[in-house]
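Student:
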Amino acid sequence: MAPYALPLWLVFLVLSLFFVFKKKEDKRRDKQLPPSPPKFPILGNLHQLGELLHQSYCQLSKKYGPVMLLKFGCKPIVVVSSAEAAKEVLKDHDLACCSRPQLSGAGRLSYNYSDVAFAPYGDYWRNMKKLIILELFSLKRVKSFQSLREGEIELFINSISESAASATPVNLTEKLFTLTANITFKMSFGFDYRGTNFDRNRFHEVVHDAEAVAGSFSMGELIPYVGWIIDWITAHHARTERVFHELDTFFQCVFNDHLKPDRKKEKDDMIDVLLGIEKEQTELGNVKFTNNNIKGVLLNLFAAGVDTSAITVNWAMAELARNPRVMKKVQDEIRNQVGKKGRLTEDDIDKLEYLKMVIKETFRLHPAAPLLLPRETISHCKISGYDIYPKTIIQVNAWAIGRDPQYWKDPEQFFPERFADSSIDFKGQNFEFLPFGAGRRICPGIHMATITTENILANLLYWFDWKLPNGMKREDINMEEKAGVSLTVSKKISLSLVPVKYLQ
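The numbering of the sequence shown is the numbering used here, which starts it at 74 and goes up by one.
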């Protein structure tokens with residue numbers, strides 16, 4: 074045998090390895106994956122993201138396109154930033170993209186609060202959604218709480234009137250969060266925390282903590298092998314268990330109070346409705362409705378009902394303070410409709426077309442959840458021609474789409490008239506305008522959110538004129554954003570304005 078000849082087994086091994094690697098390379102080329110920024114080993118693209126994810130995504134998408142693949146450690150994330158791609162995700166391939174990622178706080182705890190927001194797609198989720206929409210968020214149920222909303226708003230207006238009498242500035246941001254928490258609290262639990270030993274502020278803080286851990290990844294999930302060390306150092310799982318234990322203890326006390334045979338009540342609250350369903354042993358697919366389901370629904374109710382409405386009204390008032398023309402126009406509409414009868418009702422609000430345009434424009438520029446709740450694919454699909462594989466998380470950047478000049482003229486300008494004689498709405502059929510999402514996972518509380526927001530804003534504008542504090546100019550109003558708990562984004566600097574009573 075010639076000295077340079079190779080053994081047959083070595084030739085066979087080299088050829089086998091060649092064909093294996095060639096096959097893998099061909100398979101990789103066959104995949105049409107979305108474009109992706111350069112990644113760091115282990116971290117993926119985490120180093121390229123700032124505190125405000127929606128803004129970071131928007132900047133990256135300008136370079137890498139409206140369908141972009143990122144890696145959070147080992148997790149594939151597809152970010153969608155165009156109406157066309159959003160339509161494919163939320164409508165054309167809604168079934169393939171309709172599950173939820175099972176995050177660290179949502180599915181790996183001794184307190185398993187699976188519910189309509191975070192439950193994976195399946196019989197349980199379908200039945201749960203049907204139950205929630207029919208029993209809790211139907212238009213009839215929402216209207217049944219009208220007197221409750223109007224009563225809380227009347228107390229809210231009275232507290233502002235005291236500041237108007239002394240011409241002192243009002244921290245509207247703080248007052249709005251308190252108001253929406255009060256409404257949601259009483260609607261859910263059926264009692265007023267005022268005059269009790271209950272610390273509502275502490276409860277709100279615990280709900281915020283629960284939202285934060287339930288809607289986030291742990292480092293152990295993102296970074297294989299070493300992420301658990303970061304979780305251990307930061308006590309991530311210990312904090313998660315502590316927060317949910319505290320929340321669970323409170324919920325159980327409320328349940329026990331509602332089950333007392335001598336309990337007096339004016340009308341059914343949310344817990345009464347849900348406990349009634351549990352008592353009837355309603356089954357959701359193969360799963361019975363339990364106390365944990367009720368707790369999950371209540372957690373979602375607070376997550377969606379407290380911060381989001383307050384955030385929207387706060388942004389609307391900030392924009393109106395910066396745009397006196399719009400402020401005067403919407404106040405004239407409200408005051409002409411109501412006159413001097415001294416009482417604004419939800420029936421009046423139905424007739425306020427320009428007010429609804431102001432709120433739409435606020436939703437467009439300042440969606441409370443700029444990134445819709447994340448979805449997870451359950452089967453392969455193609456988005457804008459790119460292959461999206463199962464177990465891929467998809468985030469739709471509603472904030473970027475709402476400010477895209479391709480769909481909106483002068484998108485950074487607050488101009489409610491753009492919705493005049495326009496069929497564009499936020500009910501999930503117009504994919505350039507998605508404050509509540511669309512498809513199977515559209516926000517079930519859309520009626521509750523819009524009625525509450527309209528009612529609060531209309532009363533603020535009916536009862537008071539608003540001035541800037543001494544020495545402040547319109548251009549001084551800070552409009553920077555601040556990341557909130559879970560996926561909400563609020564105004565970074567609190568809004569303080571001076572109320573002037575309109576009806577003396």
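All C-beta atoms in this analysis are idealised placements derived from N, C-alpha and C, irrespective of residue type, glycine included.
Just to confirm my understanding: we take residue 531, look at its own chain, exclude 5 residues before and 5 after, and list those with CB closer than 8 Å. What are they?
Tutor: Taking the sequence shown and counting its residues from 1, one reaches residue 531 at position 458. So the qualifying residues of the chain are 407, 417, 421, 422, 425, 428.
Student: Roughly how many angstroms lie between the CA atoms of residue 430 and residue 379, to the nearest whole one?
Tutor: As a position in the sequence shown, residue 430 is number 357, starting the count at 1. As a position in the sequence shown, residue 379 is number 306, starting the count at 1. Going from the Cα of residue 430 to the Cα of residue 379 covers about 22 Å.
Student: Would you call the region 458-466 and the region 143-150 in contact, with 3 or more CB pairs under 8 Å?
Tutor: Touching, yes, given that three or more Cβ pairs across the two stretches are closer than 8 Å.
Student: Where does residue 263 land, buried or exposed, given buried means 16+ other C-beta within 10 angstroms?
Tutor: As a position in the sequence shown, residue 263 is number 190, starting the count at 1. With 16 or more other Cβ atoms within 10 Å, it is buried.
Student: Quick one: Cα of residue 551 to Cα of residue 127, how far?
Tutor: Start at 1 with the first residue of the sequence shown, and residue 551 comes out as number 478. Start at 1 with the first residue of the sequence shown, and residue 127 comes out as number 54. Going from the Cα of residue 551 to the Cα of residue 127 covers about 19 Å.
Student: Identify, in the order they occur along the chain, each residue of the same chain with its Cβ nearer than 7 Å to the Cβ of residue 260, setting aside the five sequence neighbours on each side.
Tutor: Translated into positions along the sequence shown, residue 260 becomes position 187. Excluding positions up to five away in sequence, the list reads 218, 221, 342, 343.
Student: Taking 8 Å as the threshold, find out whether the region 478-489 comes into contact with the region 508-524 through three or more Cβ pairs.
Tutor: Flag = no, the region 478-489 and the region 508-524 do not touch.
Student: Could you name each continuous alpha helix (DSSP H) segment of 4 residues or more that falls completely within the region 206-281, going from the start of the chain to the end?
Tutor: Whole alpha helix (DSSP H) segments, 4+ residues: 212-217, 219-239, 245-262.
Student: With a threshold of 7 Å, establish whether the CB of residue 215 neighbours any heavy atom of the ligand ZN.
Tutor: Ligands in the displayed structure: none, and consequently the ligand ZN is not present.
Student: Tell me whether the beta-carbon of residue 256 lies closer than 8 Å to the beta-carbon of residue 525.
Tutor: As a position in the sequence shown, residue 256 is number 183, starting the count at 1. As a position in the sequence shown, residue 525 is number 452, starting the count at 1. Yes, the Cβ-Cβ distance between residue 256 and residue 525 is below 8 Å.
Student: Span of the beta strand (DSSP E) holding residue 141?
Tutor: For the purposes of this step, residue 141 is taken as the residue at position 68 of the sequence shown. From DSSP, the beta strand (DSSP E) with residue 141 extends over 140-145.
Student: Between the beta-carbon of residue 143 and the beta-carbon of residue 108, is there less than 8 Å?
Tutor: As a first step, residue 143 is located in the sequence shown; it is residue number 70 there, counting from the start. As a first step, residue 108 is located in the sequence shown; it is residue number 35 there, counting from the start. No. Outside cutoff.
Student: From which residue to which residue does the beta strand (DSSP E) around residue 564 run?
Tutor: Here residue 564 corresponds to residue number 491 of the sequence shown, with the count starting at 1. Per DSSP, residue 564 belongs to the beta strand (DSSP E) from 562-564.
Student: Using a threshold of 8 Å, state whether the C-beta atoms of residue 237 and residue 540 are closer than that.
Tutor: As a first step, residue 237 must be located in the sequence shown, where it is residue number 164. As a first step, residue 540 must be located in the sequence shown, where it is residue number 467. Against a cut-off of 8 Å, the Cβ pair of residue 540 and residue 237 comes out as no contact.
Student: Rounded to the nearest angstrom, how far is the Cβ of residue 252 from that of residue 229, given a contact under 8 Å?
Tutor: Taking the first residue of the sequence shown as position 1, residue 252 is located at position 179. Taking the first residue of the sequence shown as position 1, residue 229 is located at position 156. That pair is a contact at about 5 Å.
Student: DSSP on residue 573, reduced to helix/strand/coil?
Tutor: Along the sequence shown, one-based indexing puts residue 573 at 500. Looking at residue 573 - three-state DSSP - the assignment turns out to be strand.
Student: To the nearest angstrom, how far is the alpha carbon of residue 566 from that of residue 335?
Tutor: The residue labelled residue 566 in the question sits at position 493 within the sequence shown. The residue labelled residue 335 in the question sits at position 262 within the sequence shown. Roughly 47 Å separates the two Cα atoms.
Student: On a CA-only basis, which of 159, 537, 370, 446 is nearest residue 401? Give me that one, please.
Tutor: Start at 1 with the first residue of the sequence shown, and residue 401 comes out as number 328. Selected option, being the one with the closest Cα: 537.
Student: Mark residue 111 as exposed unless 16 or more other C-beta atoms lie within 10 angstroms of its C-beta, in which case mark it buried.
Tutor: Walking along the sequence shown from the start, residue 111 turns up at place 38. Under this definition residue 111 is an exposed residue.
Student: Assuming residue 170 contacts residue 454 under a Cβ cut-off of 8 Å, what Cβ separation, rounded to an integer in Å, is found between them?
Tutor: Start at 1 with the first residue of the sequence shown, and residue 170 comes out as number 97. Start at 1 with the first residue of the sequence shown, and residue 454 comes out as number 381. Right, their Cβ atoms sit about 7 Å apart.
Student: Less than 8 Å separating the beta-carbons of residue 385 and residue 473?
Tutor: For this step, residue 385 is matched to residue 312 along the sequence shown. For this step, residue 473 is matched to residue 400 along the sequence shown. No, the pair does not count as a contact, with Cβ atoms beyond the cut-off.
Student: Roughly how far, in whole angstroms, is the beta-carbon of residue 444 from the beta-carbon of residue 469, given that I think they are within contact range, below 8 Å?
Tutor: Locating residue 444 in the sequence shown gives position 371, counting from the first residue. Locating residue 469 in the sequence shown gives position 396, counting from the first residue. At roughly 7 Å, the Cβ-Cβ gap stays under 8 Å, so residue 444 and residue 469 are in contact.
Student: Tell me where the beta strand (DSSP E) around residue 468 begins and ends.
Tutor: The residue you call residue 468 lines up with position 395 of the sequence shown. Residues 466-469.
Student: Could you tell me which of 439, 534, 194, 367 sits nearest to residue 451, measuring between CA atoms?
Tutor: The residue given as residue 451 occupies position 378 in the sequence shown. Here the closest residue by C-alpha is 194.
Student: Are three or more beta carbon pairs between the region 367-376 and the region 314-330 nearer than 8 Å?
Tutor: Yes, the region 367-376 is in contact with the region 314-330.
Student: Determine which residues share a DSSP beta bridge with residue 423 and list them.
Tutor: As a working note, residue 423 is residue 350 in the sequence shown. DSSP output for residue 423 lists no bridge partner at all.
Student: Does the beta carbon of residue 209 sit closer than 8 Å to a beta carbon anywhere in chain B?
Tutor: No chain B appears in this structure, which consists of one protein chain only.
Student: Output the boundary residues of the alpha helix (DSSP H) element that contains residue 149.
Tutor: Locating residue 149 in the sequence shown gives position 76, counting from the first residue. Taken as a continuous stretch (DSSP letters only), residue 149 belongs to no alpha helix (DSSP H), being part of the beta strand (DSSP E) at 148-153.
Student: For residue 629, which of helix, strand or coil comes out of DSSP?
Tutor: With the chain running from 74 to 577 in the structure shown, residue 629 is simply not present.
Student: Between the alpha carbons of residue 437 and residue 333, how many angstroms are there, rounded?
Tutor: Mapped onto the sequence shown, residue 437 falls at position 364. Mapped onto the sequence shown, residue 333 falls at position 260. Roughly 46 Å between the two C-alpha positions.
Student: Which two residues bound the contiguous alpha helix (DSSP H) that contains residue 131?
Tutor: For the purposes of this step, residue 131 is taken as residue 58 along the sequence shown, with counting starting at 1. 126-137 is the span of the alpha helix (DSSP H), which, as asked, contains residue 131.
Student: Report the rounded CA-to-CA distance for residue 173 versus residue 448, giving the unit in angstroms.
Tutor: Position 100 of the sequence shown holds residue 173. Position 375 of the sequence shown holds residue 448. For residue 173 and residue 448, the distance between alpha carbons rounds to 5 Å.
Student: Roughly how many whole angstroms lie between the Cα atoms of residue 121 and residue 129?
Tutor: Residue numbering aside, residue 121 sits at position 48 when the sequence shown is read from its first letter. Residue numbering aside, residue 129 sits at position 56 when the sequence shown is read from its first letter. Using only the alpha carbons, I get a separation of about 8 Å.
Student: Give the C-beta separation of residue 249 and residue 394 to the nearest angstrom, bearing in mind that I take them to be a contact with Cβ-Cβ under 8 Å.
Tutor: The residue labelled residue 249 in the question sits at position 176 within the sequence shown. The residue labelled residue 394 in the question sits at position 321 within the sequence shown. Residue 249 to residue 394, Cβ: 14 Å. No contact.
Student: Only counting the same chain, and skipping five residues up and downstream in sequence, which positions put a Cβ closer than 6 Å to that of residue 154?
Tutor: Counting from 1 along the sequence shown, the entry for residue 154 is found at position 81. So the qualifying residues of the chain are 134, 139, 470, 473.
Student: Among 123, 152, 161, which has the Cα closest to the Cα of residue 502?
Tutor: Locating residue 502 in the sequence shown gives position 429, counting from the first residue. The candidate whose alpha carbon is nearest that of residue 502 is 161.
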